[in-house]
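Residue numbers (my numbering), protein chains in the order written: chain A, 1 to 662; chain B, 1001 to 1303. Note that CB positions come from ideal geometry on N, CA and C, so glycine has one too. Working notes, beginning with the structure itself.
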């Protein structure tokens, strides 16, 4: 039995030691914990750990296998995302006990705080005392046993799983109901109690999901295809798109869901031009070798940065919204172009991991597919707060796409209209966020950069928080960003344009004296190398492409991503439809698209007279519209508009798209 | 965005501790707010005397501000008994018997007021708990109770006067520390402004302080004022309030912000995280309690 004394070691040192003892299969006593956070985070070995006193936030978080005993209390988020293993807390637990567990056994001998078991997927959370507000909030599976009183709104918006209450059911939450308790189930619970030597003679009441909110009443209809690009060309007040929208609403009687992003005219990167005349760009195939495009991201706190061959990465898109074939094609293309792929919300499959050279693993509010093992094999971690297409809202995945396989990897019931929570269970402010970031670093031994994905809303405040909370970089997504499914009005009208977002971000960093200290990756309507250069001139350190990559890989932009029957096999989980997707061919196409960006970025950098893409600056830009000038404070020079058009023509060189078809 | 802490001692023998205790508690949760730190401390009041503290900054501008404050005090026949300059702030002890609210509104227009009260002294600055201690010698402070705050600035500047605790502008001795965000801030503020109250900042915490102090000035008990605050304030909040004789807490119904408390025969201590409480008793397992959502409570000093 080894001893670790937290009166003498930092939690970081203690966790490193703990992992070492874990690998050696030696049990550990932790002394003088004094309610410090992150005790035992990231442990993946089946050892016994005894905490002699109280632990703070995320005790035993992001673990698989260990058996913890805590003599006294724990803070927020005990056993966060624990896979297998157990923890017995002899005192009380703070809020969100057992958050997102995926099989663990969590036993709280005292009371537990609010929102216990939020988004849990499997396993048992037992509270011998009273639970508090919203126990079982948005749980997807597993069971919560409360021997005392339930607290208010128990089972609020639970999707799956069971809650058992031995004391008073204070009040049921939305879409929860009481039901009979089969004797076999009761015996299982009594056996569990016995195993943990907990005497209980009382009667249990069972609470389950009432099934009223799992699916939209009427599914989205399939409609006549008006491709995104035709729809967004029509700028009239009444137009074909508006007409279609009204037809759809007349059928479903609610807000309409569609794929893609804002299609209405908005200030955008097109409204900027280079000050210098670049219309005579040389069609030099060697140009990419003449300037430095290499870009590193994420080293500001000592982690191993992402190392990209150019300042372009693949934007986060989920396996779920997209087919596995598409995710693999993106991963292959990112490796061929020596840049990075991003998992989005839906977890990390082996195929994606193998195909991608560098991959960012994203953590969202529902913790769907999130686990310690995939964290440890990623190249970067990212906390998703929101996205440009729908700032402030959670993800949506319609029932047709929630197949058995998707449900398994995400840990949710099959065939529901999945609406992810709009907030993280354990991030309700910048102060909680800093503790969450630290948990990720502890879980991965401070090796990986931790970034944050922000939808452009209150960018000025958000960027300052991101900097102060110590993120290694930010992925900033503007209003022109796309998604697989969101409400039409949200897509069109919520958030601020990409060009405003990057300007606010740079202003914010400057206001706190942090210019150049935290890289910002800009996305949301970046379609080519020209956009990329302008974004970088405005201050972005790199850009990410999502829509562009998907289109390069065969998307026809029909706006039906949410329906799940994508005709080209991209936005679907239906094997018949997915068959239509030729992964190796589309991977090459996406790769060639990325290479066209590389060529353009290199050519522009060179033509502007620089040897390194990161030398491009605001001084290289002018604004072509009064709006863009007002947003960016760049000089207003509309007479350069013609030149900008010529540049777009000139910079499509040596037929990058010529051999597009297989 | 921040961490909060408060303490009240029950026995005279323990009186040595308030400054030291608050420094330890805030240092333990400094990760919640690295930008600035502040303390609301309560001295023994003397009849007819008030303590005033202003943020004046440094250099010639500071001297000019101090001059204007002196003139205003003279105009109101407030006699200066003692004064102190510490870390960009200027404090006075004055003998005064006029309309305190009128005086404080007038003073606000010429300088940034940290606090006014017969007992209350708010000290706050950018930096951590130990940084502020170096400027103000909080460590030496002895008393029965006090509250403190660490701040991560989100919507306003990192500046001494934007730091917490906040004084209930115009009302002697009431201070607040708050973790959260009041979403009906402007609606509530306009309501209070219509009744003639003035605000020193655009910070939602100041609003809570003025809201509570207004109730107190109408003879409502602190406990009752906290009770109505849970109905009247929208948003997320865990806050501590202190007066010269009481401390109290209130917590929103959504339980979105943490709070944990410890009460024993000697003291009541409340903080955002247990790690702060454990700093007072290193190596001990504590019998703490998490206040449920939508609850409030007050304690009155017994010594």
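Checklist line | Delimiting residues of the alpha helix (DSSP H) encompassing residue 1101(B) | finding: 1100 to 1108
Checklist line | Test: residue 1052(B) CB closer than 8 Å to a CB of chain A | finding: Residue contact with chain A for residue 1052(B): absent (no Cβ-Cβ distance below 8 Å to any residue of chain A).
Check: Expressed to the nearest angstrom, what Euclidean distance is found between the alpha-carbon atoms of residue 363(A) and residue 1149(B)?
Finding: 30 Å
Next item on the list: Quick one: grab the DSSP three-state call for residue 4(A).
Entry: Secondary structure of residue 4(A) (DSSP, three-state): strand.
Note to self: Considering Cα atoms alone, identify which of 1018(B), 1026(B) and 1019(B) is closest to residue 1275(B).
What the structure shows: Cα-wise, what sits closest to residue 1275(B) is 1026(B).
Checklist line | Selection from 222(A), 470(A) and 131(A) that minimises the alpha carbon distance to residue 94(A) | finding: Checking every option, the nearest Cα to that of residue 94(A) belongs to 131(A).
Margin query: For a minimum of 4 consecutive residues, which ranges assigned as the alpha helix (DSSP H) are wholly contained in the stretch 386 to 455 of chain A?
Written below: The DSSP assignment places 404 to 410 and 430 to 443 as complete runs of the alpha helix (DSSP H) inside the stretch 386 to 455 of chain A, in order along the chain (cut-off: 4 residues).
Notebook entry, point to check: For the stretch 447 to 457 of chain A against the stretch 162 to 171 of chain A, are there 3 or more C-beta pairs whose distance is under 8 Å?
Noted result: no
Item checked: Closest by C-alpha distance to residue 1250(B), when choosing among 1209(B), 1112(B), 1118(B) and 1063(B) -> 1209(B)
Next item on the list: For residue 1073(B), name the three-state secondary structure that DSSP assigns.
Entry: helix
Note to self: Against chain A, does residue 1278(B) count as a neighbour if the rule is that its beta carbon must be under 8 Å from one of theirs?
What the structure shows: Yes, residue 1278(B) counts as interfacial toward chain A.
Checklist line | Cutoff 8 Å; reference residue 541(A); Cβ partners in own chain excluding five residues on either side | finding: 295, 297, 311, 473, 519, 520, 521 and 614
Margin query: Run through chain A and tell me which residues come within less than 9 Å of residue 1031(B), C-beta to C-beta.
Written below: Taking a Cβ-Cβ threshold of 9 Å, the residues of chain A close to residue 1031(B) are 37, 431, 434, 435 and 438, in chain order.
Next item on the list: Tell me whether the beta-carbon of residue 318(A) lies closer than 8 Å to the beta-carbon of residue 345(A).
Entry: yes
Next item on the list: Kindly indicate which three-state DSSP category residue 596(A) falls into: helix, strand or coil?
Entry: helix
Next item on the list: Compile a chain-ordered list of the residues in the stretch 61 to 95 of chain A whose CB is closer than 8 Å to at least one CB of chain B.
Entry: 71, 72, 73, 75, 76, 91, 92, 94 and 95
Check: Where does the unbroken beta strand (DSSP E) through residue 485(A) begin, and where does it stop?
Finding: From DSSP, residue 485(A) is part of no beta strand (DSSP E); its letter is neither H nor E.
Next item on the list: List in chain order: all unbroken alpha helix (DSSP H) runs of 4+ residues lying wholly within the stretch 486 to 515 of chain A.
Entry: 488 to 493 and 498 to 511
Note to self: Please state the DSSP three-state secondary structure of residue 548(A).
What the structure shows: helix
Note to self: Distance cutoff 8 Å, beta carbons only. Does residue 114(A) sit that close to anything in chain C?
What the structure shows: The structure shown contains no chain C; its protein chains are A and B.
Notebook entry, point to check: Of all the options 1088(B), 1127(B), 1296(B) and 1133(B), which has the alpha carbon lying nearest to the alpha carbon of residue 1305(B)?
Noted result: Residue 1305(B) lies beyond the range of chain B shown here (1001 to 1303); nothing can be said about it.
Checklist line | Whole-angstrom distance between residue 420(A) and residue 1261(B), CA atom to CA atom | finding: 33 Å
Notebook entry, point to check: For the stretch 14 to 23 of chain A against the stretch 36 to 50 of chain A, are there 3 or more C-beta pairs whose distance is under 8 Å?
Noted result: Yes: at least three Cβ pairs fall under 8 Å.
Item checked: residue 1186(B), enclosing alpha helix (DSSP H) - first and last residue -> 1185 to 1194
Notebook entry, point to check: Which residue or residues does DSSP assign as beta-bridge partners of residue 312(A)?
Noted result: Bridge partners of residue 312(A) according to DSSP: 543(A).
Notebook entry, point to check: residue 97(A) and residue 62(A): beta carbons closer than 8 Å?
Noted result: Contact flag unset, no.
Check: How many angstroms separate the CA atom of residue 1191(B) from the CA atom of residue 1198(B)?
Finding: 11 Å
Check: Under 8 Å between the Cβ atoms of residue 272(A) and residue 647(A)?
Finding: no
Checklist line | Close Cβ partners of residue 461(A) (< 7 Å) along its chain, the five nearest in sequence each way excluded | finding: none
Next item on the list: Could you name the residues of chain B that residue 32(A) contacts, counting a contact when the two beta carbons are closer than 9 Å?
Entry: 1282 and 1283
Margin query: Along the stretch 528 to 543 of chain A, where does the CB come closer than 7 Å to a CB of chain B? Name the residues.
Written below: none
Check: If you draw a straight line from the C-alpha of residue 199(A) to the C-alpha of residue 354(A), how long is it?
Finding: In this model, residue 199(A) and residue 354(A) are separated by some 49 Å (Cα to Cα).
Next item on the list: Say whether chain B places a C-beta atom closer than 8 Å to the C-beta of residue 166(A).
Entry: no
Note to self: Mapping the DSSP letters down to three states, classify residue 307(A) as helix, strand or coil.
What the structure shows: If DSSP states are grouped into helix, strand and coil, residue 307(A) belongs with the strands.
Item checked: residue 1165(B) beta carbon less than 8 Å from that of residue 1177(B) -> yes
Next item on the list: Spatial neighbours of residue 324(A) within its chain, please: CB distance less than 7 Å, with the 5 preceding and 5 following residues excluded, ordered by chain position.
Entry: Closer than 7 Å at Cβ, skipping near neighbours: 349 and 351.
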